[in-house]
Each structure stands twice: as structure tokens, then as C-alpha cells.
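Structure first, then comments.
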Ligand code: 5GP
Ligand code: ZN
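In the working numbering, the protein residues as written are 193 to 332.
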């Protein structure tokens, strides 16, 4: 299923042109128009899913292997020494396009720090409370 109002549905389906680096029956991989680094790519499923929580399991199973292939190609031809795989869900997490997608961001020696955070200090009571409530929610 696609969504007529979704720009990534249009790009994935080829209705809007994009710098495509890979395509098969399930996915189109394109270069990001606002790259975090040179070669920043996006994996777009051709089917419309709002986010990871809605993603079909058979599509989901193919995403990480594809991300690994894209990353390996980046290391081979772009000269990056690593890459980040980033996937945002919800506005507070930085999602701006509500069609599931995965960012593959090449990382270069001496390049800017990104996809990072300052570690906090875990409180053991809080960890126990959180893990109990999540464990319960995961059962349903
Ligand atoms: P999000 O913030 O939702 O995780 O990521 C959306 C990404 O899509 C951003 O990195 C943004 O630069 C990219 N983007 C938004 N619109 C377009 C577009 O029309 N074409 C391409 N190639 N990238 C886009
Ligand atoms: Zn869509």
C-alpha cells in the first residue's frame, strides 16, 4: 500500500526522481538531499509504513542486511571508515518524514561527531521499575 500524500512513496515508486543507489521490488535506496556527511543514504521501502512500529515483519527482516550492503559499498568507494545506521520514530526522535526509512551515514576519519549522547547514571530502582513495566508491555 502506498499513500498519495507521501513524498517518500512517490520517490520510492519512481514518480519523483532521486539519486538512486539501489532498487529492488521492496526497496529504493537514495541519497539524502540534506546529507549529514558525503554519501548519506536513505533506505525506503516501496510500501508505506509510518514508522518502525508499523513495519511489516517480512520487510523488516530485509532492512538490516540491505543496510549492511549499502555500508560496505560506502566503505569500498567513498573512503569512509565506518557508518551509522539511524532510524527515527516520532517527532520527538527527530522523524520529519512519516514513511519508515533508515539512514546510512558514512563516517570519515576526522569528521564531525554525530549520533552521540552524554551517558547518564542509571539508578538501580528505576532500572528495575522500567524493566518490569516494559517486560509486561512486551507480553501483549
Ligand atoms: P527523518 O528526519 O525523518 O529521520 O529523515 C528525513 C530525511 O529525509 C532527512 O535527512 C532529509 O534531509 C531527507 N529528505 C527529506 N525530503 C527529501 C527529498 O525530497 N529527497 C531526498 N533525497 N531526501 C529528503
Ligand atoms: Zn509513504
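For glycine and all other residues, C-beta sits at the position ideal for the given N, C-alpha and C.
{"Query": "If distances are taken between C-alpha atoms only, which option among 289, 281, 243 comes closest to residue 226?", "Result": "289"}
{"Query": "May I ask you to verify whether the stretch 315 to 326 touches the stretch 249 to 261, counting CB pairs closer than 8 Å and requiring at least 3?", "Result": "no"}
{"Query": "Report the residue from 232, 325, 293, 310 whose alpha carbon sits nearest the alpha carbon of residue 198.", "Result": "293"}
{"Query": "For residue 250 and residue 220, I'd like the C-alpha separation in whole angstroms.", "Result": "16 Å"}
{"Query": "Which word fits residue 208, buried or exposed, when buried means at least 16 other C-beta atoms lie within 10 angstroms of its C-beta?", "Result": "exposed"}
{"Query": "Go ahead and pull the three-state DSSP assignment for residue 318.", "Result": "helix"}
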